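In full-length UniProt numbering, the protein residues as written are 1 to 156. The next block holds one structure in the form of structure tokens; read it before the comments.
Structure, rendered in structure tokens:
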């Protein structure tokens, strides 16, 4: 499916405010509510929009420690990679997991209440997974920028 400038503008507006109504979007883009509705539904059907979420203020809930944990596996065969991925998806403390190139195989973004909770996570949940050979953690001291919107460059 091809998308045009109006589709990109709709996506950009929805990234800024997922609760924006079709009428509000139409007002900003000089489109009818029906036209916006049809475009949004088409974007959803074609997986340009994966879903809508509320962004939570983590410290308000006592989740004050964010860490990035690098993980190396003992072997890089497909069986071990898939097994690790299946298990890490189940860990509620892990909000993001990326398979990466370089010295480590994965990087995990982990959010917990405090250092004691992080230690418990590492000792009782992460390092008990099979085939982990090494981990290294980096702790966030201060969040400077955290954007969920991706840049939507103008297409010609």
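Don't be surprised by glycine CBs; every beta carbon is placed ideally from N, CA and C. All of these numbers come straight from a predicted model, not from anything done at the bench.
Rounded C-alpha distance that separates residue i from residue j
| i | j | result |
| --- | --- | --- |
| residue 147 | residue 55 | 10 Å |
| residue 26 | residue 32 | 5 Å |
| residue 120 | residue 47 | 37 Å |
| residue 93 | residue 115 | 13 Å |
| residue 64 | residue 58 | 7 Å |
| residue 143 | residue 28 | 32 Å |
| residue 60 | residue 113 | 11 Å |
| residue 79 | residue 86 | 11 Å |
| residue 24 | residue 12 | 13 Å |
| residue 20 | residue 39 | 14 Å |
Where the alpha helix (DSSP H) containing residue i begins and where it ends
| i | result |
| --- | --- |
| residue 137 | Counting along the chain, residue 137 falls outside any alpha helix (DSSP H), though it belongs to the beta strand (DSSP E) covering 132-139. |
| residue 27 | 22-29 |
| residue 7 | 5-16 |
| residue 38 | 33-45 |
Close beta carbons around residue i, own chain, < 6 Å, minus the five adjacent residues each side
| i | result |
| --- | --- |
| residue 72 | 104, 105, 133 and 134 |
| residue 108 | 69, 94 and 97 |
| residue 52 | 18 |
| residue 8 | 152 |
Beta-carbon separation (whole angstroms), residue i vs residue j, contact threshold 8 Å
| i | j | result |
| --- | --- | --- |
| residue 84 | residue 131 | 7 Å |
| residue 5 | residue 149 | That pair is no contact at about 17 Å. |
| residue 118 | residue 128 | Between residue 128 and residue 118 the Cβ distance is about 15 Å, and since that is not below 8 Å, they are no contact. |
| residue 140 | residue 66 | 4 Å |
Sequence-distant residues of its chain with Cβ nearer than 7 Å to residue i (five each side left out)
| i | result |
| --- | --- |
| residue 100 | 106 and 107 |
| residue 88 | 94, 97 and 108 |
| residue 37 | 22 |
Beta-carbon proximity list for residue i, same chain, < 8 Å, skipping 5 on both sides
| i | result |
| --- | --- |
| residue 43 | 3, 7, 10, 11 and 49 |
| residue 76 | 105 |
| residue 81 | 73, 99 and 105 |
Whole runs of the beta strand (DSSP E) within the stretch 54-121, excluding any shorter than 3 residues: 65-73, 94-99 and 106-112
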